[in-house]
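Trainee: Quick one: this structure, given as structure tokens, is what I'll be asking you about.
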Amino acid sequence: METLQNIAQGLLERGDVSMVIGYTPGTIPGKTKTIFARTPEAAQKLTFNENCVNNLSIYLTRQYGNIGEKPVALVVKACDARTVNVLIQENQLKREQVYLIAVPCNGVKDEHGVEQGKCKSCAQRVPKDYDALAGETPAPVEIDPTLRFKALEQFDAMSPDERWEFWMKEFEKCVKCYACRQACPLCYCERCITDKTTPRWIEPDTSTAANLSWHITRAFHLAGRCIGCGECERACHQNIPLGLLNRKMAKEVFDNFGYRAGESAEAKPVFADFRYDDKEEFIR
Amino acid sequence: MARIGVFVCHCGENIGRTVDCSVVAKESAKLRDVVYSVDYKYMCSDPGQIMVKDAIKKHNLTGVVIASCSPLMHEKTFRRAVQETELSPFLCEMANIREQCSWVHEDKVLATKKAVDLVRLMVEKVKRNTPLEPIRIPVTKRALVIGGGIAGIQAALDIADGNQEVVMVEKSPSIGGHMAQLSETFPTLDCSQCILTPKMVSANSHKNIKLYTYTEVESVTGYIGNFDVTLRKKARYVDDSICSGCGICQEKCPQKKISSEFNTGLGKRPAIYIPFPQAVPNIPVIDKERCTYFKNGKCKACEKFCDRNAIKFDQTDEFINIKVGAIVVATGYEMYNIGKNNKNGIKGYGEYGCGEDPDIIDSLQFERLLSASGPTFGEVKRPSDGKVPETVVFLQCVGSRDKAKGMEYCSKICCMYTAKHTMLYKHKVHHGQAFVFYLDIRAGGKNYDEFVRRAIEEDGAIYLRGRVSKIYREGDKLIVKGADTLSGSQVEIAADLVVLATAITAQPDIVPLAQKLGVGYDKYHFLSEAHPKLKPVETNSAGIFLAGACQAPKDIPESVAQASAAAAKVLGLCSATELEREPYVAKVYESTCAGCGFCIEACPYKAIDNKAIVNRQGKLIKNVAYINQGLCQGCGTCLSVCRSKSIDLAGFTDEQIFSEINSLFV
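Residue numbers (the numbering used here), protein chains in the order written: chain A, 68 to 351; chain B, 235 to 900.
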């Protein structure tokens with residue numbers, strides 16, 4: 068069995084990769100931070116534990132400039148690898164530009180020991196596709212797949228008016244700091260639609276209506292793409308349950324097209340794929 | 235500062251009846267930047283156009299709004315008028331106050347108010363219009379004709395006679411199509427092959443036509459005037475440059491009992507074969523699946539006897555790249571098969587025995603029985619025992635007009651050919667009796683109804699209006715049980731032969747080809763024209779035209795007429811060295827494009843590609859979308875999938891649309 072540090076050290080010693088992006092213990096107990104290990108020595112600082120909540124695939128996007136001539140190694144959980152697949156699907160990255168070091172994951176927790184929502188319904192212990200596995204292949208687990216959309220049940224049970232009321236209350240809190248966007252590995256647009264001024268698609272103020280149009284637009288833009296890493300919700304200091312919006316869109320996409328984002332880097336993105344057997348119930 | 239002129243048209247009573255045009259003109263005058271407005275009875279008339287031109291000069295207008303009918307009607311008229319002044323034609327917009335206002339409303343006050351709103355929208359839009367330049371693209375003066383049936387042959391000949399080069403491809407070993415299989419043709423009963431074969435020969439020998447048989451279209455890229463096509467010339471295992479077509483190989487081939495496609499299974503052929511005596515080109519092809527050598531590695535009888543050494547067992551598929559400016563699709567049809575195994579979920583006819591009884595045949599098989607070159611040399615003999623049938627029952631609308639079988643359309647040609655069949659049968663078997671079960675007799679066309687009357691009155695065919703519920707065998711006879719709805723009685727006929735006029739269906743392999751070409755198709759897989767009335771030959775992919783039954787069931791005269799129409803379109807296209815087209819195409823803002831590629835996948839015209847942006851050292855900075863203006867049809871699908879709004883549509887920019895919408899909230 069190879070350890071994470073050994074794999075990373077080897078890669079850096081051989082010069083196979085320009086850096087290894089992974090986790091290292093943070094300064095606050097129960098938290099980890101990102102490390103960009105460029106030397107074999109730095110590789111020793113790498114760690115993986117149940118506090119490694121962050122989705123590090125964001126550092127592969129063009130804005131960070133980490134991708135150069137040589138590949139970059141990235142420590143990934145199963146969910147993070149799905150994001151990498153979406154980035155490859157969307158031409159932001161080539162598979163050969165990234166070296167995936169998979170870490171077996173049994174679910175991650177925040178600094179208060181609370182398990183993340185996404186982990187409750189996740190049965191995938193290692194990614195489908197990776198270059199090296201740090202640790203041993205864990206025993207498979209069985210989890211009821213319907214759990215994935217369990218959280219939506221209480222919202223779907225609400226009347227449209229109640230739902231509207233709920234979301235307007237949530238969006239009222241938004242201060243448009245755009246942390247959700249900044250934390251999202253798939254919000255890689257060179258210029259976000261909300262920053263476009265001619266014409267202005269989204270009102271720039273923080274009225275509830277303007278906030279609504281921002282969040283709804285963002286949810287639409289992530290439909291069929293969001294893999295549910297939950298970084299937007301974690302980044303939101305106003306505690307708006309943004310993950311719910313994305314999960315709702317994921318359910319719609321799954322129900323209508325049988326598609327789950329990030330399952331394969333070769334799949335066509337669902338919203339750019341048209342098939343004659345597509346359900347077209349929404350047109351009626 | 236914009237100076238806009240508004241011209242309100244009454245269109246006689248068409249608009250004036252429900253919209254108070256003078257009020258619209260007065261209200262328009264109050265809009266910001268409108269410096270002149272007027273109403274007039276017929277704006278499209280000469281005096282109306284002169285009013286527009288004079289006003290442009292007199293008031294130094296920077297933009298014009300014509301409030302009248304749909305731009306589909308008169309946009310060209312007014313833009314041409316505007317162009318005659320110094321103003322760019324693209325600074326003229328139309329507010330549709332007829333189709334979208336006066337025709338659909340009754341309340342004059344409200345309709346007038348809406349008309350003012352529509353004018354206001356267009357004033358806001360035209361202020362943001364830019365003087366676009368029409369796009370010019372070069373034209374390759376060569377056409378591709380796909381399909382070598384009568385439609386394809388006619389189109390190729392007409393184009394070639396117009397002094398343009400044609401490449402013609404046919405997937406089967408010979409051109410001729412279904413028409414070559416027919417015996418005689420309605421409504422004149424002239425021999426099908428006699429009128430077709432001279433055209434086949436001309437197509438093969440014409441100096442402007444390059445013919446590829448046993449060839450299929452592998453891929454199509456490019457756009458109007460500039461298509462790049464790859465053809466797959468399938469291995470014939472016979473060198474067509476050496477073979478003289480002597481036919482000795484056919485004689486010597488030990489495999490003699492293969493069911494002949496040309497004779498619709500009623501005749502036999504060897505494994506190396508020329509499909510029919512008049513085939514063009516007269517070159518055989520080896521059926522690899524059935525050839526003894528290909529199966530067992532031994533035989534090569536054909537090779538031994540070929541004195542020209544034309545047999546090439548090592549031949550492989552050859553790929554040929556050609557450049558063409560226009561494409562005519564003439565891929566024809568296929569007959570619906572009543573058997574159990576049908577494509578597209580279409581059901582067979584269990585009540586008619588699912589094609590398992592040899593004496594229940596389809597019309598094309600009956601054509602072969604009637605044909606002098608057919609398996610019975612023109613004698614009507616039934617397939618089971620070779621007996622001359624004395625009672626023949628013809629069933630129309632088998633599959634067609636039958637919702638239960640999934641084909642609700644009328645196959646159009648069956649009424650006529652069934653009448654023809656009864657006549658030809660009577661002419662050959664004088665004591666025979668023909669019965670026809672029909673739903674309606676559809677004989678619209680020159681001399682068509684007279685023809686059907688002749689079949690009934692002179693040749694004694696008995697027509698019964700109704701469907702047949704069951705056909706079953708009783709000894710030597712086929713018992714046909716049906717209804718005669720006109721007399722309200724049940725009919726039972728003991729027949730010797732039953733001929734089913736099965737539906738005309740689309741080619742089974744048309745969908746992949748349609749997708750390669752970017753041509754739409756309907757739920758029956760017939761190819762779609764651009765407009766059912768005004769653009770019946772064009773498709774929605776510019777530069778690709780339709781001819782014949784690939785579009786819908788058609789008879790020979792119609793196919794020929796459409797083929798000539800398609801040829802005229804091709805010749806028109808080739809008459810110019812450059813094409814001019816409307817500049818309403820998408821454009822990419824490269825600085826903000828993240829190159830996600832959604833637009834590339836979403837574009838129905840394959841007009842978008844990746845473009846690498848590199849720095850001075852040639853190092854890749856990023857990939858962005860690149861729009862081929864020749865291919866782009868301006869549909870806007872790419873805009874809708876672009877999350878960062880890095881694509882815009884010239885002439886219909888987001889800014890223009892936004893300002894239109896915003897103008898409604900004043």
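A virtual CB, placed ideally from N, CA and C, is assigned to each residue, including glycine.
Consider the Cβ of Arg524/B: report whether some Cβ of chain A lies at a distance smaller than 8 Å.
Mentor: Looking up residue 524/B in the second sequence gives position 290. By this cut-off, Arg524/B is not an interface position.
Trainee: Determine the direct distance from the alpha carbon of Tyr471/B to that of Ile520/B, and round the result to whole angstroms.
Mentor: By 1-based counting over the second sequence, the position of residue 520/B is 286. By 1-based counting over the second sequence, the position of residue 471/B is 237. If I take the Cα positions, the gap works out to 6 Å.
Trainee: So, with DSSP's three-state summary, where would you put Glu347/A?
Mentor: Translated into the one-based positions of the first sequence, residue 347/A becomes position 280. Of the three classes helix, strand and coil, the one that applies to Glu347/A here is coil, per DSSP.
Trainee: If contact means a Cβ-Cβ distance below 8 Å, which residues of the segment 276-288 of chain A contact chain B?
Mentor: His288
Trainee: Could you give the uninterrupted runs of the beta strand (DSSP E) lying entirely in the segment 189-264 of chain A, keeping only those of 3 residues or more?
Mentor: none
Trainee: Whole angstroms are fine: how far does the CA of Ile891/B sit from the CA of Val804/B?
Mentor: For the purposes of this step, residue 804/B is taken as residue 570 along the second sequence, with counting starting at 1. For the purposes of this step, residue 891/B is taken as residue 657 along the second sequence, with counting starting at 1. The alpha-carbon atoms of Val804/B and Ile891/B are separated by roughly 36 Å.
Trainee: Identify whether Glu708/B lies in helix, strand or coil by the three-state DSSP scheme.
Mentor: The sequence position of residue 708/B within the second sequence is 474, counting from 1. Three-state DSSP puts Glu708/B in a strand.
Trainee: What is the rounded straight-line gap between the Cα of Glu257/A and the Cα of Ala145/A?
Mentor: Here residue 257/A corresponds to residue number 190 of the first sequence, with the count starting at 1. Here residue 145/A corresponds to residue number 78 of the first sequence, with the count starting at 1. Cα-Cα distance, rounded: 27 Å.
Trainee: Given a cut-off of 8 Å on the beta-carbon distance, is the pair Ala345/B and Tyr570/B in contact?
Mentor: Within the second sequence, numbered from 1, the residue matching residue 345/B stands at position 111. Within the second sequence, numbered from 1, the residue matching residue 570/B stands at position 336. No, Cβ-Cβ distance for Ala345/B and Tyr570/B is not below 8 Å.
Trainee: Between the C-alpha atoms of Val181/A and Lys236/A, what's the straight-line distance to the nearest angstrom?
Mentor: For the purposes of this step, residue 181/A is identified with residue 114 of the first sequence, where counting begins at 1. For the purposes of this step, residue 236/A is identified with residue 169 of the first sequence, where counting begins at 1. Their Cα atoms are separated by approximately 25 Å.
Trainee: Out of Pro252/A, Thr273/A, Ile294/A and Trp268/A, point me to the one whose CA is closest to Thr284/A's CA.
Mentor: The residue labelled residue 284/A in the question sits at position 217 within the first sequence. Checking every option, the nearest Cα to that of Thr284/A belongs to Trp268/A.
Trainee: Flag Val472/B as yes if its beta-carbon sits less than 8 Å from any beta-carbon of chain A, otherwise no.
Mentor: Mapped onto the second sequence, residue 472/B falls at position 238. The Cβ of Val472/B sits no closer than 8 Å to any Cβ of chain A.
Trainee: Would you call the CB atoms of Tyr270/B and Met285/B closer than 8 Å?
Mentor: Mapped onto the second sequence, residue 270/B falls at position 36. Mapped onto the second sequence, residue 285/B falls at position 51. Going by C-beta atoms, Tyr270/B is not nearer than 8 Å to Met285/B.
Trainee: Helix, strand or coil for Pro372/B? Go by DSSP, reduced to three states.
Mentor: In the second sequence, residue 372/B corresponds to position 138, counting from 1. DSSP places Pro372/B in strand when its eight states are reduced to three.
Trainee: Taking any Cβ of chain B, which residues in the segment 330-343 of chain A have a Cβ under 7 Å from it, in chain order?
Mentor: Lys335, Pro336, Phe338, Ala339 and Asp340
Trainee: My output table needs one value for Arg327/A: the three-state DSSP class, helix, strand or coil.
Mentor: Against the first sequence, residue 327/A aligns to sequence position 260. The three-state secondary structure of Arg327/A, taken from DSSP, is coil.
Trainee: Could you name the residues of chain B that Asn158/A contacts, counting a contact when the two beta carbons are closer than 7 Å?
Mentor: For the purposes of this step, residue 158/A is taken as residue 91 along the first sequence, with counting starting at 1. Within chain B, the residues near Asn158/A are Gly829, Cys830, Gly831 and Asn857.
Trainee: Among Phe496/B, Leu445/B, Met356/B and Cys428/B, which residue has its Cα nearest to the Cα of Leu603/B?
Mentor: Taking the second sequence and counting its residues from 1, the one referred to as residue 603/B is at position 369. Considering only Phe496/B, Leu445/B, Met356/B and Cys428/B, the residue with the shortest C-alpha distance to Leu603/B is Phe496/B.
Trainee: Name, going along the chain, the residues of the segment 248-266 of chain A whose beta-carbon falls closer than 8 Å to a beta-carbon of chain B.
Mentor: The residues in question are Tyr255, Cys256, Glu257, Arg258, Cys259, Ile260, Lys263, Thr265 and Pro266.
Trainee: Would a check of beta-carbon distances place Trp268/A closer than 8 Å to chain B?
Mentor: Start at 1 with the first residue of the first sequence, and residue 268/A comes out as number 201. Judged by the 8 Å Cβ criterion, Trp268/A is in contact with chain B.
Trainee: Indicate whether Ser645/B and Val733/B have their beta-carbon atoms separated by less than 8 Å.
Mentor: The residue given as residue 645/B occupies position 411 in the second sequence. The residue given as residue 733/B occupies position 499 in the second sequence. Contact: no.
Trainee: Who are the neighbours of Arg129/A on chain B, taking C-beta pairs under 8 Å?
Mentor: Here residue 129/A corresponds to residue number 62 of the first sequence, with the count starting at 1. Listed along chain B are Ala828 and Lys856, each with a C-beta nearer than 8 Å to that of Arg129/A.
Trainee: Please report whether the beta-carbon of Phe899/B lies at a distance below 8 Å from any beta-carbon of chain A.
Mentor: As a working note, residue 899/B is residue 665 in the second sequence. By this cut-off, Phe899/B is not an interface position.
Trainee: Under 8 Å between the Cβ atoms of Pro511/B and Ser607/B?
Mentor: Here the question's residue 511/B lines up with position 277 in the second sequence. Here the question's residue 607/B lines up with position 373 in the second sequence. Yes, the pair counts as a contact, with Cβ atoms nearer than the cut-off.
Trainee: Based on the DSSP secondary-structure assignment, which residues constitute the bridge partners of Lys821/B?
Mentor: Against the second sequence, residue 821/B aligns to sequence position 587. Partner(s): Asp882/B.
Trainee: May I ask you to report which of helix, strand or coil DSSP gives Pro92/A?
Mentor: By one-based count along the first sequence, residue 92/A stands at place 25. DSSP places Pro92/A in strand when its eight states are reduced to three.
Trainee: What residue from Asp473/B, Asn294/B and Ile696/B has the CA that sits closest to Gly666/B's CA?
Mentor: Taking the second sequence and counting its residues from 1, one reaches residue 666/B at position 432. Ranking Asp473/B, Asn294/B and Ile696/B by Cα distance to Gly666/B puts Ile696/B first.
Trainee: Check each candidate in Arg251/B, His661/B and Val875/B and name the one with the smallest Cα separation from Val337/A.
Mentor: Reading the first sequence from its first residue, position 270 is the one you call residue 337/A. Ranking Arg251/B, His661/B and Val875/B by Cα distance to Val337/A puts Val875/B first.
Trainee: Whose CA, out of Leu295/B, Ile238/B, Arg314/B and Val714/B, lies closest to the CA of Thr625/B?
Mentor: Counting from 1 along the second sequence, the entry for residue 625/B is found at position 391. It is Val714/B whose Cα lies nearest to the Cα of Thr625/B.
Trainee: Under 9 Å between beta-carbons, which chain A residues line up against Asp888/B? List them in chain order, please.
Mentor: Position 654 of the second sequence, counted from the start, is the residue given in the question as residue 888/B. In chain order: Lys263, Thr265, Pro266 and Trp268.
Trainee: Name the DSSP beta bridge partners of Phe241/B, please?
Mentor: Within the second sequence, residue 241/B is the residue found at index 7, counting from 1. According to DSSP, Phe241/B bridges with Val272/B and Ile300/B.
Trainee: Check whether the Cβ atoms of Ile88/A and Ala140/A sit closer than 8 Å, and answer yes or no.
Mentor: Locating residue 88/A in the first sequence gives position 21, counting from the first residue. Locating residue 140/A in the first sequence gives position 73, counting from the first residue. In contact: Ile88/A and Ala140/A (Cβ atoms closer than 8 Å).
Trainee: Under 8 Å Cβ-Cβ, which residues of chain A neighbour Ser878/B?
Mentor: What you label residue 878/B is simply residue 644 of the second sequence in a count that begins at 1. By Cβ distance, chain A contributes Cys256, Glu257, Arg258, Cys259, Ile260 and Lys263.
Trainee: Find out if the Cβ-Cβ distance for the pair Phe241/B, Ile290/B is shorter than 8 Å.
Mentor: Walking along the second sequence from the start, residue 241/B turns up at place 7. Walking along the second sequence from the start, residue 290/B turns up at place 56. Cβ distance not < 8 Å, so Phe241/B and Ile290/B don't count as in contact.
Trainee: Relative to the C-alpha of Arg342/A, which residue among Gly325/A, Ala332/A, Leu160/A and Ser331/A is closest?
Mentor: Here residue 342/A is taken as the residue at index 275 of the first sequence, counted from 1. Selected option, being the one with the closest Cα: Gly325/A.
Trainee: Considering only C-alpha positions, which residue in the set Glu816/B, Ala740/B, Leu813/B and Ala820/B is nearest to Lys788/B?
Mentor: As a position in the second sequence, residue 788/B is number 554, starting the count at 1. The candidate whose alpha carbon is nearest that of Lys788/B is Ala740/B.
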